[in-house]
Amino acid sequence: MQSVIVLCGKPGAGKGTRLNEFLKETDKKYKVLSVGNLLREARKQNTELGKKAAKFMDKGLLVPDNIINAIVIDGMKKSKEPILSDGYPRTIGQAQAMIDAGINPIIIDCEVDDEVVIQRAKNRLVCDCGETYTTDSFKPPIIEGICDKCGKHLHRRPDDNPEVVKQRLDVYRSQTEPILEFMQEHNVEVHTISNGDSDSETAKKQFADIMNS
Ligand code: AMP
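Under this note's numbering, the first residue of the sequence shown is numbered 375, with each subsequent residue one higher.
As structure tokens, then:
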């Protein structure tokens with residue numbers, strides 16, 4: 375089975391940013407799994423999965439384990455490339471499903487304060503093509519409101535609204551954070567990097583060092 379590297383952290387911890395940055399600089403091929411992107415795509419296509427997921431996503435809640443495990447585990451086992459997983463597992467039930475499937479991941483936990491997450495959500499703009507920008511100086515689009523990559527109009531994620539962000543942080547603390555201890559109890563390697571805005575360069579290097587070790 376291929377190796378699986380899991381990016382863990384609060385919503386808005388900068389998992390996607392670290393991951394994309396690393397992918398630009400490596401020659402190695404990875405399969406990137408972002409359950410959030412898969413679900414947003416299913417919603418756009420108005421599939422049964424998308425309709426079911428929407429009810430949970432818009433409230434800042436996690437989509438139930440049985441639905442998520444069914445769309446993830448098989449693909450993970452069959453992948454021909456190493457997997458970089460952004461946001462799976464997010465519950466003990468999902469972590470257990472991975473262990474039961476014989477998958478022994480490496481975890482990179484991206485740590486940030488709640489205030490950073492709340493501010494990043496306020497500043498985030500996204501494009502339907504998957505690109506992400508900020509309204510501050512970190513990564514603004516060249517033309518305001520327009521995607522540099524595909525030219526479409528940028529918009530805000532509905533779940534970046536402050537009330538929903540607070541809910542997502544509560545969900546992170548109660549359902550996702552406990553998987554770190556659970557994984558350690560199952561002898562899974564867990565690395566922690568500090569991923570605040572001022573730590574960006576160090577975090578980038580630490581991330582690459584773990585990936586290349
Ligand atoms: P993300 O883009 O990773 O922040 O995910 C957006 C939303 O998709 C989350 O708030 C959840 O509603 C849902 N989601 C993403 N990953 C998972 C997962 N592993 N388990 C359950 N729900 C998920």
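Note that the Cβ used here is the ideal one computed from N, Cα and C, for glycine as well.
Just so it is clear, the structure is predicted and the values come from calculations on it, not from any experiment.
With a cut-off of 8 angstroms on Cβ pairs, the segment 415-424 is not in contact with the segment 508-523, counting fewer than three such pairs. By the CB criterion at 9 angstroms, Thr509 and Lys526 fall outside the cutoff. Secondary structure at Ser587: coil, using DSSP grouped into helix, strand and coil. In the pairwise beta carbon analysis, the segment 564-573 is classified as touching the segment 483-492: at least three pairs are separated by under 8 angstroms. The Cβ atoms of Val378 and Pro438 do not sit closer than 9 angstroms to each other. Straight through space, the alpha carbons of Tyr546 and Lys433 are spaced by roughly 13 angstroms.
Taken through DSSP and simplified to helix, strand or coil, Leu381 comes out as strand. Under the criterion of beta carbons closer than 8 angstroms, Leu397 and Val446 do not qualify as touching, at roughly 20 angstroms. The distance from the Cβ of Cys382 to that of Leu554 is about 7 angstroms, consistent with a contact at the 8 angstroms cut-off. For the set Asn586, Val538, Cys503 and Gln541, the Cα lying nearest the Cα of His529 is the one of Cys503. Nearest in C-alpha terms to Met472, of all of Ala582, Gly410, Thr400 and Val380, is Val380. In this structure, DSSP gives Thr566 an extended state, which the three-state scheme calls strand.
Listed in chain order, the non-local C-beta contacts of Thr506 below 6 angstroms within the same chain comprise Val500, local neighbours out to five positions each way being set aside.
Asp460 counts as buried, since at least 16 other C-beta atoms from the protein chains shown sit within 10 angstroms of its C-beta.
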